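Asker: Before we start, here is the structure in question, set down as structure tokens.
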Amino acid sequence: MTAPYRTQAGRHAVEQRYRAHLDAWPVPHDELRLPTGAGETFVLTCGPVDAPPLVLLHGSGANAGTWRGDITDWAAHFRVYAIDLPGEPGFSAPTRLPLDSDASARWLGEVLDGLGLDTVDLVGMSLGGWTALDFVVRRPGRVRRLALLCPGGLGAHRYGWLVKAIPLRLLGRYSVRDAARTGLGLGDGPAVEEILDDVELVFSNFSARSGRLPRFHPEQLCTVDIPVLVIVGEKDALFDSARTADLARANFPQAEIHVLPGVGHAVLGQTTTIRSFLRKK
Numbered sequence: 000m001t002a003p004y005r006t007q008a009g010r011h012a013v014e015q016r017y018r019a020h021l022d023a024w025p026v027p028h029d030e031l032r033l034p035t036g037a038g039e040t041f042v043l044t045c046g047p048v049d050a051p052p053l054v055l056l057h058g059s060g061a062n063a064g065t066w067r068g069d070i071t072d073w074a075a076h077f078r079v080y081a082i083d084l085p086g087e088p089g090f091s092a093p094t095r096l097p098l099d100s101d102a103s104a105r106w107l108g109e110v111l112d113g114l115g116l117d118t119v120d121l122v123g124m125s126l127g128g129w130t131a132l133d134f135v136v137r138r139p140g141r142v143r144r145l146a147l148l149c150p151g152g153l154g155a156h157r158y159g160w161l162v163k164a165i166p167l168r169l170l171g172r173y174s175v176r177d178a179a180r181t182g183l184g185l186g187d188g189p190a191v192e193e194i195l196d197d198v199e200l201v202f203s204n205f206s207a208r209s210g211r212l213p214r215f216h217p218e219q220l221c222t223v224d225i226p227v228l229v230i231v232g233e234k235d236a237l238f239d240s241a242r243t244a245d246l247a248r249a250n251f252p253q254a255e256i257h258v259l260p261g262v263g264h265a266v267l268g269q270t271t272t273i274r275s276f277l278r279k280k
């Protein structure tokens, strides 16, 4: 299977940017490549080797570079494993696993086994949040605490912002960068512009997953008997965050819910909140 890039030159540009982020990683780290049934999986690991294990799963159209703003804090307290999801613009295999099956949970279980990890703390963002929750539902007992940032699979998947953007792009009035700013709910500032630089490069060269993420049933959510932190943006343009929060409150036996006023799909600056949640006894 070939990677979902439009051109080899585009793939090279995206991977070169990713490599630059890894070369500038703010803490010492190692890079691992693990064999799985879905192909090779790239894992960036850092932090004290004897610290509690923390596994990170990024969102769609991204890679482990997502966590570079959080990693200095988290690596002081955890042995961190930032995993590139397969089929996304990282260094894992291009395989896109069917989400309406056990495939994602089986893949993640193989990765954890390959790392020698039994029970872990797990943080997932967007598609990574869906993947994390799917794993918890299908593999009970392997996750101690679960933190979900703007997760898929709870509130409905929204496409209204995209419907508005497409005609404007066709008229030449809307760029990839404009669409990303709207879809993610990002404002201005140097940090935001750096994020948009990455997003613009990726989505100018990479074909993202299409279709809706499978949604979890309340009967499945009620089985999640571990502490769960859910952080969503009030103005998330991609998922119905109000419904996500309501479902989490109603169905997770041990839930902590944060709805961030005025925030979109890009839930940023939650490093301390997540660390505090994970370190609770």
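Counting along the sequence shown from 1, when you hit position 132 you're at 131 in numbering that gives the first Met the number 0, and nothing is skipped either side. Ideal Cβ positions, reconstructed from N, Cα and C, are used throughout, including at glycine. Just so we're clear, the structure is a prediction, and the values are computed from it rather than from any experiment.
#1: By Cβ distance, which residues of its chain are closer than 6 Å to Ile230, with the 5 residues on each side in sequence left out?
#2: From Val13, Thr94, Pro260 and Val54, pick the residue whose C-alpha is nearest to that of Val110; which is it?
#3: Are the beta-carbon atoms of Leu96 and Gly86 separated by less than 8 Å?
#4: If you count every other CB in all the chains shown that lies within 10 Å of the CB of Arg211, and 16 or more means buried, which is it?
#5: So Asp29 is in the beta strand (DSSP E); what residue range does that whole segment cover?
#6: Taking only runs that begin and end inside the segment 88 to 176, name each unbroken beta strand (DSSP E) of 3 or more residues, in chain order.
#7: In chain order, which continuous runs of the alpha helix (DSSP H) of length 4 or greater are located wholly inside the segment 163 to 237?
#8: May I have the straight-line CA-CA distance separating Cys221 from Ser203, to the nearest angstrom?
#9: Can the beta-carbon of Ala236 be found less than 8 Å from the beta-carbon of Gly184?
#10: When the distance is taken between beta carbons, is Phe215 closer than 8 Å to Leu277?
#11: How would you call Gly159, buried or exposed, if buried means at least 16 neighbouring beta carbons within 10 angstroms?
#12: In the DSSP assignment, what residue or residues form a beta bridge with Phe41?
#13: Can you name the residues that DSSP bridges to Leu246?
#14: So is Leu277 in contact with chain D if we call contact Cβ pairs under 8 Å?
#15: Under the assumption that Arg144 contacts Pro226 (Cβ atoms under 8 Å), give the Cβ distance between them as a whole number of angstroms.
Answerer: For this structure:
#1: Leu148, His257, Val266 and Gln269.
#2: Sorting Val13, Thr94, Pro260 and Val54 by C-alpha distance to the C-alpha of Val110 places Val54 at the top.
#3: In terms of Cβ geometry, Leu96 and Gly86 form a close pair [threshold 8 Å].
#4: Result: exposed.
#5: If you look at Asp29, you'll find it in the beta strand (DSSP E) that goes His28 to Leu33.
#6: Entirely contained in the segment 88 to 176, the beta strand (DSSP E) runs reaching 3 residues are, in chain order, 119 to 124 and 142 to 148.
#7: Given a length threshold of 4 residues, each whole run of the alpha helix (DSSP H) inside the segment 163 to 237 is given here in chain order: 175 to 183, 189 to 204 and 217 to 220.
#8: Using only the alpha carbons, I get a separation of about 40 Å.
#9: Contact: yes.
#10: Not a contact, by the Cβ cut-off of 8 Å.
#11: The pLDDT assigned to Gly159 is 49, lower than 50, so where the model puts this residue is not dependable; a value taken from the coordinates is nonetheless given after this. Label assigned to Gly159: exposed.
#12: The bridge partners DSSP lists for Phe41 are Arg32.
#13: BP columns for Leu246 are empty, so no partner.
#14: Within the model displayed, chain D is absent; a lone protein chain is all it includes.
#15: Indeed, because the Cβ distance is near 5 Å, the residues count as touching under 8 Å.
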